[in-house]
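**Student:**
Number of protein chains: 2
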Amino acid sequence: MLDDPRAARAAFRAGTAASTSGWADGYAQANLVALPREHAYDMLLFAQRNPKPCPLLEVTDAGAWHTRTADADLRTDLPRYRVWRGGELVDEPTDVRAHWRPDLVTFLIGCSFSFEAALVEAGIGLRHVEEGVTVPMYRTNRPCAPAGAFSGPLVVTMRPVRADLVAAAVTATARVPQVHGAPVHIGSPESLGVVLEKPDYGDPVTVRDGEVPVFWACGVTPQAALAASGVPFAITHAPGHMFITDIRESALRTG
Amino acid sequence: MLDDPRAARAAFRAGTAASTSGWADGYAQANLVALPREHAYDMLLFAQRNPKPCPLLEVTDAGAWHTRTADADLRTDLPRYRVWRGGELVDEPTDVRAHWRPDLVTFLIGCSFSFEAALVEAGIGLRHVEEGVTVPMYRTNRPCAPAGAFSGPLVVTMRPVRADLVAAAVTATARVPQVHGAPVHIGSPESLGVVLEKPDYGDPVTVRDGEVPVFWACGVTPQAALAASGVPFAITHAPGHMFITDIRESALRTG
């Protein structure tokens, strides 16, 4: 793991294909979705209508592989990508220059890696980190506001929080609206259509006595909508293999 | 003036053509921009890249004249509209049903009428209201981030604030990010390229000894970019003749 975002991206550009969790501590990481221009309007509208699961950090001009968020090449500087055709995963390369097209618009979407730093600073432990697993994610019974080709359920992450710390978890994450912001639901998993022991993505974690399950909007939401849309072509990051920006996490905080 | 938003919209639908300042106190008002779908992507991208002057409350589906923000008809329920062809103002009707097209996408953009309520609640007087004039607006030397056909300077409003209340003005408006949020510039008009006595829109106001000029991003910004773009067709509200929503202003506040 490298602490300097520029050095981290250089390592990924040179072929290192690791999860970015723990890399470049203090710098914001982003989800990447690249779509043909003809489908980009629907994605932009989907993000506008569903800002909690889809907090946009940047939307590039068509064909551009540079970004205002870092001195980087978006085609090479992520550790691993996924290439999609008609909703099917067709390749997981570490470089997408061969797949790039001049009509691709890239969306950089806030990632909960940044948001978890705010929780830890507020004194709230992360159970999935303690247990060495991936955060549990659930497809809820709450539909997103549809936009053109894109629709689907709100996907959430869950972190157990001690009852006396739930308010602190709310205020700490409310201050990072560009990385999902305040929880969308606290307690009562059944009214969200969720069974805690059975996440749809990631792994279940222990919820101890005196703890409440707290649910935040998740960046998997737009990816699930994308996969279901049947859009003919898209490139995304591979799960956990995010784009590391030069934006300090502290710069994303409001108030 | 009517206090109920539904009654206010019914009056406008019946032909009343008044400025909405002071109507439906406590309910959010919105700027309206309707554009053909082929130009809507650039406007949506312009708003994403310039969220302070262009805080989106809603973007409709093409052709839709209903809105999630109110039980209303967007073609009839504003007191007055402007119709634009090739950047030229061609009509100022009180009803745009005859101009409506099935490809029009409507943008509802937060309006400073709501934002001023937060200032008044914080004990900060509004000089332009005291002096009975329109708030002064200035084209600054700060360019917006361009997006396709749309580019131009950031336009700001200015309100003089007593030096000991400037911090309160910041915190009060930081809590309403969907209506322009915190100031973009405080003091030093010259470094913004602004001469206080010579606003580009609206009227000059008195700045007293012990007061500091405080500048907020202004919803005229996207309208100026629209007028300069040469887009072949657009409909907007007429200045001061806003769309009154059913959204309580308090619902737009964070924290």
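Residue numbers (UniProt numbering), protein chains in the order written: chain W, 1 to 255; chain R, 1 to 255. Here a beta-carbon is modelled for each residue, glycine too, at the ideal position from N, C-alpha and C.
1) With DSSP collapsed to three states, give me the class of L89/W.
2) Look at the alpha carbon of V129/R and the alpha carbon of T221/R, and state the distance between them as a whole number of angstroms.
3) Could you tell me whether the Cβ atoms of T245/W and T69/W are closer together than 8 Å?
4) Measuring alpha carbon to alpha carbon, tell me which of F115/W, T140/W and V105/W ends up nearest E249/W.
5) Helix, strand or coil for E197/W, going by three-state DSSP, please let me know.
6) For P79/W, collect the residues of the same chain with a Cβ closer than 7 Å to its Cβ; drop the 5 residues on either side in sequence, then sort them by chain order.
7) Kindly indicate if chain W contains any beta-carbon less than 8 Å away from that of Q178/R.
8) Along the chain, where does the alpha helix (DSSP H) that runs through T134/W open and close?
9) Which residues in chain W sit within 8 Å of L44/R, going by Cβ to Cβ distance?
10) Let me make sure I understand the geometry here. Which of P232/W, A72/W, F107/W and L56/W has the alpha-carbon closest to that of L32/W?
11) Three or more C-beta pairs closer than 8 Å, one from the segment 94-103 of chain R and one from the segment 179-191 of chain R: is that the case here?
12) Report yes or no: is there a C-beta of chain R within less than 8 Å of the C-beta of L56/W?
13) Does the segment 37-44 of chain W come within contact of the segment 166-173 of chain W, defined as at least 3 CB pairs closer than 8 Å?
14) List the residues that DSSP assigns as beta-bridge partners of T67/W.
15) Below 6 Å CB to CB, which residues in the same chain sit around A228/R once its five sequence neighbours on both sides are set aside?
16) Do the segment 131-145 of chain W and the segment 188-199 of chain W make contact, defined as three or more Cβ pairs closer than 8 Å?
17) Taking a Cβ distance cut-off of 7 Å, strictly less, list which residues of the segment 57-79 of chain W are near chain R, in chain order.
18) What are the boundary residues of the beta strand (DSSP E) that L56/W is part of?
19) Report the partner residues of V214/W according to the DSSP bridge assignment.
20) Locate the alpha helix (DSSP H) running through D42/R, then write down its first and last residues.
21) Could you tell me which of A224/R, E211/R and V90/R sits nearest to P189/R, measuring between CA atoms?
**Tutor:** Reading from the atomic positions:
1) Translated into positions along the first sequence, residue 89/W becomes position 89. For L89/W, the three-state secondary structure derived from DSSP is strand.
2) Position 129 of the second sequence holds residue 129/R. Position 221 of the second sequence holds residue 221/R. Cα to Cα, the separation comes out at about 22 Å.
3) Counting from one through the first sequence, the residue named residue 245/W turns up at place 245. Counting from one through the first sequence, the residue named residue 69/W turns up at place 69. Yes, these two residues count as a Cβ contact at 8 Å.
4) For this step, residue 249/W is matched to residue 249 along the first sequence. Checked all of F115/W, T140/W and V105/W; the closest Cα to E249/W is F115/W.
5) For this step, residue 197/W is matched to residue 197 along the first sequence. It is coil, neither helix nor strand.
6) Residue 79/W sits at position 79 when you count from the first residue of the first sequence. The answer, listed in chain order, is F12, T16, A17, A18, T20, T94 and H241.
7) Position 178 of the second sequence, counted from the first residue, corresponds to residue 178/R. Not one chain W Cβ lies under 8 Å of Q178/R.
8) What you label residue 134/W is simply residue 134 of the first sequence in a count that begins at 1. Judged by DSSP secondary structure, T134/W falls outside any alpha helix (DSSP H); it is assigned neither H nor E.
9) In the second sequence, the residue the question calls residue 44/R occupies position 44. By Cβ distance, chain W contributes Y41, L44, L45 and Q48.
10) Mapped onto the first sequence, residue 32/W falls at position 32. Its Cα nearest to that of L32/W, the residue F107/W stands out among P232/W, A72/W, F107/W and L56/W.
11) Touching, no, given that fewer than three Cβ pairs across the two stretches are closer than 8 Å.
12) Here residue 56/W refers to the residue found at position 56 when the first sequence is read from its first residue. Taking Cβ atoms only, chain R reaches closer than 8 Å to L56/W, which makes this a yes.
13) No, they do not touch.
14) As a working mapping, residue 67/W is identified with position 67 in the first sequence. A70/W.
15) Position 228 of the second sequence, counted from the start, is the residue given in the question as residue 228/R. If we look at A228/R and ignore the five residues flanking it on each side, its Cβ neighbours are G152.
16) The segment 188-199 of chain W and the segment 131-145 of chain W touch, with three or more beta-carbon pairs separated by less than 8 Å.
17) Cβ contacts with chain R: V59.
18) By 1-based counting over the first sequence, the position of residue 56/W is 56. L56/W -> beta strand (DSSP E) spans L56 to V59.
19) Mapped onto the first sequence, residue 214/W falls at position 214. Note: V214/W sits in a beta bridge opposite R159/W and I186/W.
20) For the purposes of this step, residue 42/R is taken as residue 42 along the second sequence, with counting starting at 1. In the DSSP annotation of this structure, the continuous segment of the alpha helix (DSSP H) that includes D42/R starts and ends at R37 to R49.
21) For the purposes of this step, residue 189/R is taken as the residue at position 189 of the second sequence. For the residues A224/R, E211/R and V90/R, the minimum Cα distance to P189/R belongs to E211/R.
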